[in-house]
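Residue numbers (the working numbering): 88 to 708. Only one structure is covered here, and it is reproduced in the block below.
This is the structure in structure tokens:
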């Protein structure tokens, strides 16, 4: 990874990245001309920080889909204002989502230029067919993500101002025809990926390889083929209700063999960042200072002695060994002041060290449910009274998102919030990465397809894929924990050292709850697995309605539940889509036409801001 980082400096000098623009204003224009830059270097620049181009990406996750999917709860307790409420009919919060700006300001724009301008103008265009095909797969992925959450966007006519004189591109709806043949946009995207895969399958020794210019698969064409096929299945699965014949046709075409798709953790599509943009500073530490783990998430991991628990959730302060010297010191004082604490009713909920905060705003009623810390009095040596603070609730492990979990910042975070600096790793020895589609996710997708179809898929039945997904997910997080220096996995000198090993995996798989698959169990495990990809879990929840809500999120027979969300007696709603961003004035008419077209679907909602509404594929069952 280090050689790749050094290579990147040369790439940057060859590929000029444009600076920040007014939101979406560059939608109708080409990026700056890139001269005679090698398309392989352009590919590197076009995919820079793929799907994670700024600190805003992380803060959007923390305050949006990670809250909605109950991985996190904000410190201070769950907030009814994060949800749609019948008592606030004019308020429609929406998940943070940067897919639209990513597409038009960076990834989509730059990949489109590479595909449609740079490579065709190259004197060796035929030798860049593989590069073009890989770029097309990623461009299609970005187009799909935009339409998946917004329902409409300028796609087919975007970035055509200079080449075709189109300065007011039409908006394409996900389900509407985009050509004279009546091809809907979702079929066009699938066809583009299919064609790109076919190109890669026909690759020969004359093709230029991406090699270290590729921070996903490092030039491995066979893995790109598997990713393209897996992406087709994933996109089709969204359409299981909206267009079942098409969904079935893609599944039947692709899933003839496990060799066609991502088939191991080594084949997972993961972007390995070549730079250190999210390197322990400023608002990156937000997950540590402003959020704690949600009760539903912690409860499921605890219920079955999940090997992932110690490496996904940090201990609270009711004991030592929580990687925080300040909190350990306070607990020693607490023990002396309250020697009978273990028998006290008020402290009982916090004694097992892994404690999630309620996600239900209606429970945010007292000091024991609305703050990760509790301040209590104690007597100093001179007999005078003073205050001390104990961390009651567990923090989600932030090291999966930022180096060392985010420790150095500018907001004067108290020492008790962070891990002891003893446990910091040399920054240069930690690599940042971002999962796109992983093998465990693929396994659970196939398990779902198999159980719904009551048949084997790609060589395994539903239970086979379900159990394989569990193993792969645990091994994946074990590997990620080592890469990101999660203390409980890698530091054998600490009291909370509790690494994942084969014996723990086998014991987990031997549990009676995981001997057979049900749809509810499959989605429960997918929920845990998608902790690093909460927006994808949000889509899975919309598509399946699982995990279901329950007053107390206590797992049953391997099935997870989300905690019901209420404001007094009112049931709150999770937003189901994003509002389509407003373009510059030049293209405002096309924007309004798109909104009117979206509103013809009664489930979309009365206004573009009605985020509890649904876009086309998100059908009511």
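Each residue gets a CB set at the ideal place from its N, CA and C atoms; glycine is no exception.
Neighbour-count burial assignment, residue i, 16 or more Cβ in a 10 Å radius
i	result
residue 269	exposed
residue 280	buried
residue 173	exposed
residue 211	exposed
residue 598	exposed
residue 419	exposed
residue 632	exposed
residue 427	exposed
residue 137	buried
residue 445	buried
residue 513	exposed
residue 207	exposed
residue 615	buried
residue 239	buried
residue 691	buried
residue 241	buried
residue 666	buried
residue 689	exposed
residue 113	Residue confidence is low: residue 113 scores 42 on pLDDT, short of 50, so the model does not pin down where it sits. Its coordinate-derived value is still stated next. With 16 or more Cβ atoms within 10 Å of its Cβ, residue 113 is classed as buried.
residue 469	exposed
residue 188	buried
residue 570	buried
residue 236	buried
residue 466	exposed
Distance between beta carbons of residue j and residue i, contact taken as under 8 Å
i	j	result
residue 126	residue 209	6 Å
residue 574	residue 488	Wrong, their Cβ atoms sit about 15 Å apart, outside the cutoff.
residue 286	residue 217	7 Å
residue 349	residue 314	6 Å
residue 506	residue 411	6 Å
residue 221	residue 297	7 Å
residue 382	residue 640	6 Å
Limits of the unbroken alpha helix (DSSP H) element including residue i
i	result
residue 144	142–150
residue 332	331–341
residue 195	194–200
residue 719	Residue 719 cannot be examined here, being either before or after the span of the chain that is shown, 88 to 708.
residue 524	Run containing residue 524: none in the alpha helix (DSSP H); it sits in the beta strand (DSSP E), 520–524.
residue 42	With the chain covering 88 to 708 only, the question about residue 42 has no answer from this structure.
residue 70	Look at the range of the chain in this structure, 88 to 708, and you will see that residue 70 is not part of it.
residue 280	272–288
residue 385	382–390
residue 398	396–399
residue 248	248–251
residue 621	621–631
Cβ shell of residue i (< 8 Å), same chain only, five flanking positions each side left out
i	result
residue 271	261, 262, 263, 264, 265
residue 642	386, 387, 390, 391, 611, 648
residue 417	404, 475, 476, 477, 503
residue 147	182, 183, 184, 185
Limits of the unbroken beta strand (DSSP E) element including residue i
i	result
residue 474	472–478
residue 464	460–466
residue 678	Careful: residue 678 lies outside any beta strand (DSSP E), inside the alpha helix (DSSP H) at 675–686.
residue 358	356–359
residue 695	Unbroken run through residue 695: none, as it is neither H nor E.
residue 160	159–161
Other residues of its chain near residue i: CB distance less than 7 Å, five sequence neighbours each side excluded
i	result
residue 310	304, 354
residue 441	385, 389, 396, 400, 402, 481
residue 406	418, 440
residue 438	405, 429
residue 621	148, 152, 153, 156, 158
residue 523	138, 356, 357, 358
residue 716	Given a span of 88 to 708 for the chain in the structure shown, any question on residue 716 remains unanswerable.
residue 345	545, 546
residue 447	165, 650, 651, 652, 653
residue 585	397, 575
residue 312	284, 287, 288
Minimum Cβ-Cβ distance from residue i to chain E less than 8 Å
i	result
residue 229	Structure shown: chain E not included; a single protein chain is present.
Beta-carbon contacts of residue i that lie in its chain and below 6 Å, excluding the five residues immediately before and after
i	result
residue 110	Model confidence at residue 110 stands at a pLDDT of 39, short of 50, so the residue's coordinates are unreliable and nothing is read from them.
residue 415	407
residue 520	357, 359
residue 674	255
residue 694	none
residue 549	534, 537, 538, 604
residue 525	355
residue 629	663, 705
Those runs of the alpha helix (DSSP H) which lie wholly inside the segment 530–608 and span at least 4 residues
549–570, 574–577, 589–596
Would you mind listing the alpha helix (DSSP H) stretches within the segment 169–234 that are 4+ residues and don't spill past its ends, in chain order?
186–192, 194–200
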